[in-house]
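Novice: Just dropping this structure here.
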Amino acid sequence: MKIAIDAHFVGVRHGGNEVHFENLIRHLARMASGGDEYFVFTYQCAARSRLDEQRLTFIPLRSRSVLWQRAVEIPRHTHRLDVDLLHVPFNYLPAHRCRKVVTIHDLGFLRFPETYAALERARMAWLTRFAARHADHVFTGSHAAKAEIMAEYHIDESRVSVTPSAADQASFRPLAPDEITSFRKRRGLPFPYILFVGTIQPRKNVVALLRAFHRLRSRRYEHRLVLVGRRGWRADAVFQFITEHGLSDVVHHFDDVDVAELPRFYNAATLFAYPSLYEGFGMPILEAMSCGCPVVSANTSSLPEVYGDAALTFDPHDAGALAERMIEVVEDGELRAQLQRRGFVNCSRFSWARTADVVHTVYHTL
4 MKIAIDAHFV
14 GVRHGGNEVH
24 FENLIRHLAR
34 MASGGDEYFV
44 FTYQCAARSR
54 LDEQRLTFIP
64 LRSRSVLWQR
74 AVEIPRHTHR
84 LDVDLLHVPF
94 NYLPAHRCRK
104 VVTIHDLGFL
114 RFPETYAALE
124 RARMAWLTRF
134 AARHADHVFT
144 GSHAAKAEIM
154 AEYHIDESRV
164 SVTPSAADQA
174 SFRPLAPDEI
184 TSFRKRRGLP
194 FPYILFVGTI
204 QPRKNVVALL
214 RAFHRLRSRR
224 YEHRLVLVGR
234 RGWRADAVFQ
244 FITEHGLSDV
254 VHHFDDVDVA
264 ELPRFYNAAT
274 LFAYPSLYEG
284 FGMPILEAMS
294 CGCPVVSANT
304 SSLPEVYGDA
314 ALTFDPHDAG
324 ALAERMIEVV
334 EDGELRAQLQ
344 RRGFVNCSRF
354 SWARTADVVH
364 TVYHTL
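Numbering of the sequence shown is given in the numbering used here, commencing with residue 4 and proceeding in unit increments.
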């Protein structure tokens with residue numbers, strides 16, 4: 004079976020969606036049967052080193068225009084290669100006669116439209132509707148997202164499969180104390196800190212985290228706040244809050260962190276706080292837990308599926324509740340140890356091998 008996968012973003016960005024496809028492709032290649040051929044469409048040389056698998060054939064995309072890729076390049080390649088099945092991410096579905104599957108990560112543009120620019124929201128609405136209704140099968144990361152997709156686009160349950168992400172436990176793991184100390188010195192982080200990882204954008208609700216953190220500082224807690232993630236749409240509101248509330252010296256932003264260094268940020272943190280308003284999955288929760296970092300998470304959308312019984316939770320609209328949860332973890336060493344133990348157990352519920360098996364089975368049953 005000839006299978007093509009659009010991976011134009013691998014090696015370009017590092018977000019939950021990109022990590023999902025990178026790991027999925029890697030594990031699909033490892034389990035490929037003798038009759039399977041995998042073609043990976045990419046325009047970034049870094050993708051080839053990140054997906055260093057002998058069973059993958061890389062097909063270069065010349066254009067950086069997503070529209071041109073979907074309208075011209077990918078259909079041309081799938082026709083030339085006589086592909087049996089095409090798997091695309093991010094709701095874009097090229098026109099081609101082969102069987103097509105799409106991964107729809109979430110419907111955030113519908114659930115929280117105010118957190119998207121108007122043009123982006125309209126584009127996502129049209130593309131996702133088209134993809135959901137015309138793809139032969141839909142993958143999504145959680146049962147919460149599956150229910151939303153089925154209800155919104157009126158598609159049968161049999162056409163949607165849940166394919167959760169997982170932490171790469173070879174990379175995201177507890178580190179030796181001397182390695183953490185070395186990291187702290189190199190990054191200038193000798194103090195205890197609370198960590199957030201994610202794109203700085205309205206949906207991530209970082210301002211609520213800042214409000215909660217401001218309460219901690221007003222009560223003389225010495226922890227600082229570390230934000231790891233690129234500036235997204237409307238990120239200025241976050242940095243304006245930091246300036247206006249005199250937090251510039253105690254909030255540290257790192258916007259260009261290599262994936263290899265993320266485990267060090269988690270390992271050195273006292274706790275990981277995730278105040279997001281809406282997620283199709285919530286990969287940073289598992290990354291934190293896999294590193295032994297206690298998690299305080301919003302209790303919305305798919306997140307309860309991800310953290311299970313291994314996190315302290317709060318209403319993302321209640322900054323006071325978030326502050327109290329963080330204080331509980333900061334003050335109680337036994338609670339931190341308990342959350343660490345539960346986090347390790349919780350991570351075992353997720354496996355890239357199992358997710359790849361679900362995807363592989365769908366490929367061969369369409």
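Just so you know, even glycine gets a beta-carbon here, dropped at the ideal spot from N, CA and C.
1. Which same chain residues, not among the five before or five after arginine 352, have their C-beta less than 6 Å away from its C-beta?
2. For the segment 105-180, list the beta strand (DSSP E) runs that are entirely contained and at least 3 residues long, ordered along the chain.
3. The alpha helix (DSSP H) that contains phenylalanine 268, what's its start and end?
4. Residues in its own chain within less than 7 Å of alanine 238 by CB, not counting five upstream and five downstream?
5. Isoleucine 197 lies in the beta strand (DSSP E); which residues open and close that run?
6. Quick one, are the C-beta atoms of glutamate 290 and tyrosine 269 less than 9 Å apart?
7. Short check: CB of threonine 143 to CB of phenylalanine 112, under 9 Å?
8. Of the residues Leu280, Phe133 and Ser300, which one's Cα is nearest the Cα of leucine 198?
9. Which runs of the alpha helix (DSSP H) spanning at least 4 residues fall entirely within the segment 182-266, listed in chain order?
10. Leaving aside the five residues before and after arginine 136 along the sequence, list all residues of the same chain whose C-beta is less than 8 Å from its C-beta, in chain order.
11. For histidine 367, collect the residues of the same chain with a Cβ closer than 6 Å to its Cβ; drop the 5 residues on either side in sequence, then sort them by chain order.
12. Give me the residue from Trp236, Val298, His320 and Pro266 with the minimum Cα distance to alanine 121.
13. Going by DSSP, which residues form a beta bridge with serine 304?
14. Can you tell me where the beta strand (DSSP E) holding proline 319 begins and where it ends?
15. With burial defined as no fewer than 16 other Cβ atoms inside 10 Å of the residue's Cβ, what is the status of arginine 227: buried or exposed?
16. Helix, strand or coil for valine 86 per DSSP?
17. Is the beta carbon of methionine 292 sitting closer than 9 Å to the one on valine 22?
18. Here's the rule: buried if 16 or more other CB atoms are within 10 angstroms of the residue's CB, otherwise exposed. What is valine 91?
19. Indicate the three-state DSSP secondary structure (helix, strand or coil) for leucine 325 in the structure shown.
Specialist: Result, derived from the coordinates:
1. none
2. 140-143 and 163-165
3. 265-271
4. Ile203 and Gln204
5. 196-200
6. yes
7. no
8. Ser300
9. 209-221 and 239-247
10. Tyr156 and Ile158
11. none
12. Trp236
13. Its beta-bridge partners do not exist; DSSP assigns none.
14. Taken as a continuous stretch (DSSP letters only), proline 319 belongs to no beta strand (DSSP E), as it is neither H nor E.
15. buried
16. coil
17. no
18. buried
19. helix
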